[in-house]
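Chemist: Here's a structure for you.
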Amino acid sequence: MLDGMRKTLSVLFWLAVASLGAVAIAVVALRRGEPINALWLVAAAACCYALGYRFYSRFIAVKVLALDGRRATPAERLENGRDFLVTNKWVVFGHHFAAIAGPGPLVGPVLAVQFGYLPGTLWILAGAVFAGCVQDFVILVFSVRRDGKSLTEMAKEETGRVGGFVAYVAVIAILVILLGVCALIVVNALKSSPWGTFTIAMTIPIAFLMGIYLRRIRPGKVMEVSVLGFILVLLAIFGGQWASQTPSVARIFSLSAPALAVLIIVYGFAASALPVWLLLAPRDYLSTFVKLGTIALLAIGIVVLHPTLHMPALTRFIDGSGPVFAGKIFPFAFITIACGAISGFHSLISSGTTPKLIARETETRMVGYGAMMAESAVAVMAVIAACVLQPGVYFAINSPAGIVGQAPEAAAATISGWGFPLAAADMQALAHAVGEQTLFNRTGGAPAFAVGMANIFSHTLGGQALMAIWYHFAIMFEALFILTVLDAGTRVARFMIQDALAHVYKPLGRTSWYPSILATSALVVAAWGYFLWQGVKDPLGGINSLWPLFGIANQLLATVALCVATTVIIKMHKTRYAAITLLPLVWLVTVTFTASWHKIFDSNARIGFLAQARSLELGPSTAATARLVFNNRLDAAVTAILVVLVSLVLFESLLTWIGVLRGNRDARVKESPFVMTRLAAEDGI
Amino acid sequence: MNRFRRAMKIFLCVLREIFDESSYARFLKLRNLPSSPSAYAAYWREREAVHARKPRCC
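Structure follows, in structure tokens:
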């Protein structure tokens with residue numbers, strides 16, 4: 021009787037959630053011509069995530085993966101107190117979320133807002149529930165069942181040698197392109213901004229100080245030193261204000277984009293070669309501290325203030341003529357937003373540290389599927405932050421000078437001509453309010469996000485008087501963890517190259533041998549530094565070329581992860597459920613291959629790399645022409661190589677699937693043998 | 273109240289794990305060492321490769 025009532029209440033509750041979700045999505049999708057409240061986006065997202073988690077992830081956990089709480093995980097079987105360790109599920113969740121949440125879910129959605137809030141929001145919600153969360157979840161489960169093996173190892177074992185090799189190359193390529201793009205975002209946010217540059221420069225001595233404090237004064241007291249570091253960073257923000265108002269200091273920190281690029285390249289090399297405890301680890305702690313706090317603060321700010329979205333649902337730029345990046349909604353919205361919907365990079369985390377901490381196989385659902393939902397929610401917040409801006413302001417910040425013109429009046433006239441009224445004087449007033457000389461042509465997404473975030477925060481805490489402080493807090497927050505990605509990524513790529521070089525000459529693989537450290541660090545930094553330099557010198561602002569390239573590389577890695585996942589599901593004799601990974605795979609292949617085709621061969625010079633190279637050759641010749649032509653051809657070649665490699669993985673996977681289904685190929689999965697958990701026995705399961 | 277206390281305790285554990293405080297405590301316990309600059313240096317020697325190989329997502 022009680023059970024029956026509980027069941028009825030549960031059905032009614034979930035029907036209410038589904039109804040609210042349907043209404044919220046209808047409002048978000050169908051309301052035209054008048055601004056909507058951000059709470060509709062929040063409601064739509066919350067209901068989609070709740071339904072996706074309760075029903076879809078449960079279906080995958082029970083029917084497809086048959087998660088078994090009695091099966092001992094590698095954390096239990098191989099526990100060594102270091103990397104393999106039985107850990108509370110909430111702790112693993114926090115750990116996993118902190119590792120997957122980077123600048124991607126903030127920057128990608130902000131850039132995609134040029135199409136309006138609707139395409140990005142729908143892709144973030146549907147992509148996360150049906151693709152991104154599924155990828156992270158299944159890869160985590162498969163890694164847990166294989167003693168925490170990495171994606172490249174699983175690809176080699178389950179699909180074949182090509183899969184392993186391609187995953188390796190894709191990871192390196194993504195890292196290099198990602199680091200170049202990340203550095204470019206920081207450069208665009210800090211160029212000619214003495215306040216921002218001073219604040220970020222100060223984070224380097226602060227990180228050193230934290231490292232020394234941890235090592236010499238209070239060993240291991242990381243939370244304590246992170247609070248101290250945070251206070252120092254806040255002081256640095258106020259110090260930045262002083263620096264920007266003191267002409268002699270402002271001159272030193274007012275740097276051009278090329279000068280900042282050189283400094284970031286030098287910094288990247290130093291961060292890769294210095295001991296981890298001195299710079300990388302303290303900065304990582306500080307950035308995590310700021311990141312988690314700011315994301316929580318932003319979520320509270322959005323709910324409390326529930327701002328109105330000024331950006332229309334769809335803009336005129338769905339036709340592909342957008343100033344932020346060129347290309348139509350399909351396929352470009354889907355490669356621009358990666359991390360908030362599906363990101364191949366997450367499969368590296370899901371098959372890295374996390375599987376070695378999971379206590380029970382059943383907990384992978386909450387960690388894998390749940391953490392990606394949280395990441396997706398961050399992307400929705402980024403959409404809201406960008407859409408609270410007046411559209412004219414959004415386009416003024418995100419459009420490169422090559423499109424709208426260098427002079428403020430010319431840029432304002434161009435943007436007003438698109439139907440988004442903008443006065444140069446208003447932009448000047450806004451720049452003044454946030455403590456900048458100008459906000460025109462600050463491409464890359466970070467400044468637009470910062471202005472939106474400052475807008476939200478200044479309405480809740482401190483009013484307009486604190487607008488400049490909030491703006492620079494947001495810039496510091498983004499730049500801090502982008503630079504952390506830069507530090508960590510350079511080192512990870514260095515280790516991967518050292519591992520590979522060890523096959524050629526053994527000492528090169530020794531991670532403590534300084535000649536090898538310096539040579540491989542220089543190699544990695546030169547690779548991403550080249551892309552950064554290319555972006556800085558690009559007349560279209562760099563983001564137009566590099567962000568799609570990064571999106572393609574990231575989604576191609578997701579393609580490899582989904583190939584591996586589908587192969588394992590088929591080998592598990594669960595072919596009737598293979599659609600859970602196969603459909604996202606088909607979608608990603610369609611999107612990435614179409615985007616790659618456009619980026620290489622499209623006749624529009626703003627979209628196609630080869631067309632742009634041709635148009636540069638035919639245009640007036642300058643000292644930079646030959647280099648720009650070469651860069652465009654290089655980008656085309658990189659895209660083509662990635663597509664060819666992923667095609668090989670697809671082909672190899674397809675052969676495996678056909679072989680397994682026909683019965684002429686080994687269908688055994690390479691799982692570790694079943695061992696009964698002691699934890700279950702202790703719990704009386 | 274108990275639930276709140278438990279939630280706070282878990283929240284603190286999450287932070288301690290994210291910020292490697294738990295990891296350092298386990299290191300000390302395994303080796304039966306008191307916390308000191310030399311113990312922390314030894315901890316980092318052991319941990320450097322693991323930490324440095326940890327990718328941070330985009």
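As given, the protein sequences belong to chains V and Y, one line each in that order. According to the working numbering, the residues represented by the first sequence are 21 to 705, in order. According to the working numbering, the residues represented by the second sequence are 273 to 330, in order. Glycine included, each C-beta is placed from N, C-alpha and C at the ideal position.
(1) What does TRP110 (chain V) reach in chain Y if we use C-beta pairs closer than 7 Å?
(2) How many angstroms separate the CA atom of THR308 (chain V) from the CA atom of PHE501 (chain V)?
(3) Does the CB of TRP316 (chain Y) have a neighbour CB from chain V at under 9 Å?
(4) With three or more beta-carbon pairs closer than 8 Å as the criterion, would you say the stretch 353-366 of chain V touches the stretch 626-636 of chain V?
(5) In chain Y, which residues lie less than 7 Å from SER246 (chain V) when you measure between Cβ atoms?
(6) Closest by CA to VAL296 (chain V), which one among V:LYS241, V:ILE378, V:ARG90, V:VAL512?
(7) For TRP110 (chain V) versus PHE283 (chain Y), is the C-beta distance shorter than 9 Å?
(8) Taking only three categories from DSSP, how would you classify ILE226 (chain V)?
(9) Let me confirm a value: GLY200 (chain V) is counted as buried when at least 16 other C-beta atoms fall within 10 Å, else exposed. Which label applies?
(10) Between ILE417 (chain V) and ASN475 (chain V), is the Cβ-Cβ spacing less than 9 Å?
(11) Can you find a C-beta in chain V that's less than 9 Å from the C-beta of PHE299 (chain Y)?
(12) LEU171 (chain V) to ALA581 (chain V), Cα distance in whole Å?
(13) Nearest chain Y C-beta to LYS241 (chain V) closer than 9 Å, yes or no?
(14) From TYR76 (chain V) to THR382 (chain V), what does the alpha carbon distance come to, in whole angstroms?
(15) Put LEU528 (chain V) into one of helix, strand or coil per three-state DSSP.
(16) Just checking: is the beta-carbon of GLY704 (chain V) within a distance shorter than 9 Å of some beta-carbon in chain Y?
(17) TYR296 (chain Y): buried (16+ other C-beta within 10 angstroms of its C-beta) or exposed?
(18) Measure the alpha-carbon distance for ILE192 (chain V) versus ALA293 (chain V) and round it to whole angstroms.
(19) Please classify ASN564 (chain V) as buried or exposed, where buried requires at least 16 other C-beta atoms within 10 Å of its C-beta.
(20) In angstroms with no decimal places, state the Cα-to-Cα distance between LEU275 (chain V) and ALA427 (chain V).
(21) Can the beta-carbon of VAL149 (chain V) be found closer than 9 Å to that of MET393 (chain V)?
(22) Shorter than 9 Å from the beta carbon of HIS330 (chain V) to some beta carbon of chain Y?
(23) Can you pull the DSSP bridge partners for MET392 (chain V)?
(24) Could you tell me whether any Cβ in chain Y is nearer than 9 Å to the Cβ of TYR305 (chain V)?
(25) Can you check the stretch 386-459 of chain V for any alpha helix (DSSP H) of at least 4 residues that lies completely inside it and give the ranges in chain order?
(26) Given TRP143 (chain V), which residues of its chain have a CB within under 7 Å of its CB, disregarding the five upstream and five downstream residues?
(27) Going by Cα to Cα distance, which pick from V:LEU210, V:LEU229, V:VAL398 is closest to PRO125 (chain V)?
(28) Can you name the residues that DSSP bridges to ARG97 (chain V)?
(29) Between the stretch 271-297 of chain V and chain Y, which residues of the former have a C-beta closer than 8 Å to a C-beta of the latter?
(30) Among V:LYS591, V:PRO129, V:ALA445, which residue has its Cα nearest to the Cα of GLY683 (chain V)?
(31) Put GLY704 (chain V) into one of helix, strand or coil per three-state DSSP.
(32) Could you give the first and the last residue of the continuous alpha helix (DSSP H) run that contains LYS591 (chain V)?
(33) In the DSSP output, what is MET696 (chain V) paired with across the bridge?
(34) Rounding to the nearest angstrom, what Cα-Cα distance links LEU283 (chain V) and ASP507 (chain V) in this structure?
(35) Can you check whether the C-beta of PHE440 (chain V) is within less than 9 Å of a C-beta belonging to chain Y?
Modeler: According to the structure data:
(1) Those are ILE282, VAL286, listed as they occur along chain Y.
(2) Each residue's alpha carbon lies about 8 Å from the other.
(3) Yes, its Cβ sits closer than 9 Å to a Cβ of chain V.
(4) No, the stretch 353-366 of chain V does not touch the stretch 626-636 of chain V.
(5) Chain Y residues near SER246 (chain V): PHE291.
(6) Measuring from the Cα of VAL296 (chain V), the nearest candidate turns out to be V:VAL512.
(7) In this structure, TRP110 (chain V) sits near PHE283 (chain Y), with a CB-CB distance shorter than 9 Å.
(8) ILE226 (chain V) falls in the helix class under three-state DSSP.
(9) A residue is called buried when at least 16 other Cβ atoms come within 10 angstroms of its Cβ; GLY200 (chain V) meets this threshold and is buried.
(10) Their beta carbons are not under 9 Å apart, which means ILE417 (chain V) does not touch ASN475 (chain V) by this criterion.
(11) By this cut-off, PHE299 (chain Y) is an interface position.
(12) Cα-Cα distance, rounded: 7 Å.
(13) For LYS241 (chain V), the answer is yes, since a Cβ of chain Y falls inside 9 Å of its Cβ.
(14) When rounded, the distance between both Cα atoms is 15 Å.
(15) Reduced to three states, the DSSP call for LEU528 (chain V) is helix.
(16) The predicted position of GLY704 (chain V) is uncertain, since its pLDDT is 44 and thus under 50; a value taken from the coordinates is nonetheless stated next. Closer than 9 Å: no.
(17) TYR296 (chain Y) sits buried, since 16 or more C-beta atoms from the chains shown fall within 10 Å of its C-beta.
(18) Distance between the alpha carbons of ILE192 (chain V) and ALA293 (chain V): 18 Å.
(19) Answer is buried; the Cβ neighbour count reaches 16.
(20) Cα to Cα, LEU275 (chain V) sits roughly 19 Å from ALA427 (chain V).
(21) In this structure, MET393 (chain V) lies closer than 9 Å to VAL149 (chain V) by Cβ.
(22) For HIS330 (chain V), the answer is no, since every Cβ of chain Y falls outside 9 Å of its Cβ.
(23) MET392 (chain V) is not bridged to any residue.
(24) Interface flag for TYR305 (chain V) against chain Y is set, since a Cβ pair is found closer than 9 Å.
(25) Counting only runs that start and end inside the stretch 386-459 of chain V, the alpha helix (DSSP H) elements of at least 4 residues fall at 391-407, 411-418, 421-424, 428-437, 444-453.
(26) These residues qualify, in order along the chain: ALA353, PHE354, ILE357, ALA361.
(27) Of V:LEU210, V:LEU229, V:VAL398, the residue nearest in Cα terms is V:VAL398.
(28) DSSP, once it has assigned bridges, lists no residue as partnering ARG97 (chain V).
(29) Considering only beta carbons, the part of the stretch 271-297 of chain V lying closer than 8 Å to chain Y consists of PRO295, VAL296, TRP297, in chain order.
(30) Ranking V:LYS591, V:PRO129, V:ALA445 by Cα distance to GLY683 (chain V) puts V:LYS591 first.
(31) Low confidence applies to GLY704 (chain V): its pLDDT is 44, below 50, so where it sits in the model is not reliable, and the reading given next is rough at best. In the structure shown, GLY704 (chain V) falls within a coil segment according to DSSP collapsed to helix, strand and coil.
(32) Following the DSSP letters along the chain, one finds LYS591 (chain V) inside the alpha helix (DSSP H) bounded by residues 563-591.
(33) Paired residue(s): V:ARG91.
(34) Take the alpha-carbon of LEU283 (chain V) and the one of ASP507 (chain V): they are about 14 Å apart.
(35) No, because no Cβ of chain Y sits closer than 9 Å to the Cβ of PHE440 (chain V).
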